[in-house]
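At position 42 of the first sequence (counting the first as 1) the number is 31 in my numbering, and the numbers step up by one without a gap. A virtual CB, placed ideally from N, CA and C, is assigned to each residue, including glycine. Just so you know, these numbers come straight off a predicted model, no measurement behind them.
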Amino acid sequence: METNSQYEFLHVGSKSTPIKGWVQGVPLEEQARQQLQNIAALPFVGPWVAVMPDVHLGKGATVGSVVPTRGAIIPAAVGVDIGCGMAAVRTTLRASDLPDNLAQLRSSIERGVPVGNGRGGEHRRMPDGIETRMTQSGLFQRLEAIKTKHRKIRTDKVEHQLGTLGGGNHFIEICLDEADVVWVMLHSGSRGTGNLIGSYFIERAREELAHRVLGFHLPDKDLAFFLEGEPLFDDYVEAVSWAQDYARHNREAMMARVLNEMRHRLPKFQLEKMAVNCHHNYVQRETHFGESLLVTRKGAVSAREGELGIIPGSMGTKSYIVRGKGNADSFHSCSHGAGRVMSRSAAKQSITLSQHREATAHVECRKDAGVIDESPAAYKSIDAVMAAQTDLVEVVHTLRQVLCVKG
DNA sequence: ATGTCC
């Protein structure tokens, strides 16, 4: 257990709920600071809010924050990409087992794992029994129960999106660690169904506001909430837990597909024991300081003592396999990545294609205008982010990307 | 993030 914590207090006024920020040496936008004050002002938020070094403005809650609540839950704080997170496996392959040109391997992975949104981003009866995963895991039955109670949650893509990547900042990567060992890493969430569940309950929470008598000021409609004891609270917890489980299965299924493609193109290999699958966008009940809390990690990873996590950098930079230090002040958490420093629109305007090509010269990846908003310059320095949280996690492995698939 | 907005 660390004694020299790296956080500083970010809140104003001695009466307000504290905000502890691990933000030494990283930029913190004024808007994000204001958003954190809004969250901390809610009477059911506490004992304090923890801010990770990849913090930036989000919808509802700030991305890169840990928001514990007592007897209440804020669906917009979790957001729509419920259960989004990372998975990584270590293989027995070495860098020398990879071909000099990785273009064919990238094409294979893009064929083996449906990527992107809409048509093309779903699978059509792939021969790996993905549908049985839905029933054997209980995911199918649990979703039916949710849909029976909430008829507006309609989806016919659940099976077809299990084992698929999606778009935006979701990715699949092949990386090398400091000993040139080959790793596979991927980032995705609960796809369309989680989005549907998230948006549905965010809307229901907003509707509830009309019937509530609040003894406090709600600074932002996106901070609408359900109170423990209300039927919608239980229904949201049930649905959000489903989406989190689906997201975890999605990453597992996708990993199996990536490894399958790799087996066709690379020398025979096995998987090492070290494997990680962690959410960074989720809510769950946890006990801290002897108190039962609902902990929302929006762009934050659980980092209990000894627990493994993944902190990816942007395309072409480094990623980290980390081990939690169980820092109590952070509700045992760490950052979920580098964090954006530029909005998607700003990135598209200011980063040129040649800058992107230069920044990703060593990576087999897309180099077209469609991924400019994901270029390294749109993100904070991962080195600075890691330096700001040495009391939260220790680095187990430093990975560098050699191949990256984007939706 | 997303059956992404008609």
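Rounded separation between residue i and residue j - CA only
{"i": "LEU392", "j": "VAL352", "result": "5 Å"}
{"i": "VAL384", "j": "ARG201", "result": "46 Å"}
{"i": "ARG237", "j": "VAL290", "result": "14 Å"}
{"i": "ARG252", "j": "ILE186", "result": "36 Å"}
{"i": "LEU82", "j": "ALA245", "result": "16 Å"}
{"i": "ASP166", "j": "SER308", "result": "9 Å"}
{"i": "LYS9", "j": "VAL38", "result": "6 Å"}
{"i": "ARG59", "j": "ASN90", "result": "53 Å"}
{"i": "SER126", "j": "SER230", "result": "14 Å"}
{"i": "GLY328", "j": "THR306", "result": "13 Å"}
{"i": "GLU111", "j": "VAL394", "result": "16 Å"}
{"i": "ALA348", "j": "PHE320", "result": "35 Å"}
{"i": "GLY118", "j": "PHE129", "result": "14 Å"}
{"i": "ALA376", "j": "PHE278", "result": "27 Å"}
{"i": "GLN150", "j": "LEU248", "result": "18 Å"}
{"i": "PRO64", "j": "ASP43", "result": "21 Å"}
{"i": "GLY181", "j": "LYS146", "result": "8 Å"}
{"i": "ASN158", "j": "SER96", "result": "19 Å"}
{"i": "HIS206", "j": "LEU388", "result": "46 Å"}
{"i": "LEU282", "j": "THR276", "result": "6 Å"}
{"i": "TYR235", "j": "LYS48", "result": "23 Å"}
{"i": "ALA194", "j": "ALA350", "result": "46 Å"}
{"i": "GLU(-3)", "j": "GLN13", "result": "8 Å"}
{"i": "GLU(-9)", "j": "TRP11", "result": "Its pLDDT being 48, under 50, GLU(-9) is placed unreliably in this model, and the value from its coordinates should be taken loosely. When rounded, the distance between both Cα atoms is 14 Å."}
{"i": "GLY204", "j": "ALA213", "result": "14 Å"}
{"i": "ALA335", "j": "PRO301", "result": "22 Å"}
{"i": "PHE258", "j": "ASP169", "result": "15 Å"}
Residue i - partner residues in DSSP beta bridges
{"i": "PRO57", "result": "VAL284"}
{"i": "ALA264", "result": "VAL78"}
{"i": "HIS277", "result": "GLU280"}
{"i": "PRO301", "result": "SER308"}
{"i": "VAL38", "result": "ILE8"}
{"i": "GLN26", "result": "Partner(s): none; GLN26 has no beta bridge."}
{"i": "SER177", "result": "GLY74"}
{"i": "GLY328", "result": "Note: GLY328 sits in no beta bridge, so no partner."}
{"i": "GLY313", "result": "VAL382"}
{"i": "ALA289", "result": "SER324"}
{"i": "GLN390", "result": "CYS164"}
{"i": "LYS395", "result": "PHE160"}
{"i": "PHE215", "result": "ILE62"}
{"i": "TYR271", "result": "ARG286"}
{"i": "TYR368", "result": "ARG329"}
Cβ pair residue i, residue j closer than 9 Å
{"i": "HIS325", "j": "GLY288", "result": "yes"}
{"i": "VAL272", "j": "ARG293", "result": "no"}
{"i": "PHE190", "j": "ALA61", "result": "no"}
{"i": "LYS136", "j": "THR144", "result": "yes"}
{"i": "SER364", "j": "MET304", "result": "yes"}
{"i": "CYS73", "j": "GLY178", "result": "yes"}
{"i": "VAL40", "j": "LEU(-1)", "result": "yes"}
{"i": "GLY380", "j": "SER(-6)", "result": "Checking the sequence, you will find Asp at residue 380 rather than Gly. Yes. Within cutoff."}
{"i": "LEU175", "j": "ALA264", "result": "no"}
{"i": "GLN344", "j": "ALA373", "result": "no"}
{"i": "GLU261", "j": "ARG79", "result": "yes"}
{"i": "ALA21", "j": "HIS45", "result": "yes"}
{"i": "THR51", "j": "GLN24", "result": "yes"}
{"i": "VAL173", "j": "ALA84", "result": "no"}
{"i": "VAL102", "j": "THR153", "result": "yes"}
{"i": "ILE163", "j": "GLN378", "result": "no"}
{"i": "VAL34", "j": "VAL284", "result": "no"}
{"i": "GLN233", "j": "HIS268", "result": "yes"}
{"i": "ILE142", "j": "ALA228", "result": "yes"}
Cβ-based burial, residue i [other Cβ within 10 Å; buried from 16]
{"i": "LEU198", "result": "exposed"}
{"i": "GLY109", "result": "exposed"}
{"i": "ALA317", "result": "exposed"}
{"i": "VAL15", "result": "buried"}
{"i": "ARG240", "result": "buried"}
{"i": "LYS4", "result": "exposed"}
{"i": "VAL1", "result": "exposed"}
{"i": "GLY218", "result": "exposed"}
Close-in-space but distant-in-sequence residues of the same chain around residue i (CB under 6 Å, 5 per side omitted)
{"i": "ARG346", "result": "LYS356"}
{"i": "GLU148", "result": "GLU120 and MET123"}
{"i": "LYS337", "result": "ILE361 and ASP362"}
{"i": "ASP223", "result": "none"}
{"i": "ASP386", "result": "Contrary to the premise, residue 386 reads as His rather than Asp in this sequence. Once the five neighbours on either side are set aside, the close Cβ partners of HIS386 are ASP166 and ILE310."}
Residue i CB to nearest heavy atom of the ligand NAP below 8 Å
{"i": "TRP11", "result": "Ligands in the displayed structure: none, and consequently the ligand NAP is not present."}
Neighbourhood of residue i by C-beta, 8 Å cutoff - its chain only, sequence neighbours within 5 removed
{"i": "GLY313", "result": "SER291, ALA292, ARG293, GLU294, GLY295, GLU296, LEU297, GLY298, HIS321, CYS323, LEU381 and VAL382"}
{"i": "GLY155", "result": "VAL104, GLY105, ASN106, GLY110, SER177, GLY178, ARG180 and GLY396"}
{"i": "LEU221", "result": "PHE190, ARG193, ALA194, GLU197 and PHE215"}
{"i": "VAL69", "result": "GLY183, ASN184, GLY187, SER188 and ILE191"}
Neighbourhood of residue i by C-beta distance below 7 Å, restricted to the same chain and skipping five residues each side
{"i": "ASP209", "result": "ASN27"}
{"i": "LYS132", "result": "Rather than Lys, the amino acid found at residue 132 in this sequence is Leu. Excluding positions up to five away in sequence, the list reads VAL147 and TRP231."}
{"i": "ASP211", "result": "LYS48, GLY49 and ALA65"}
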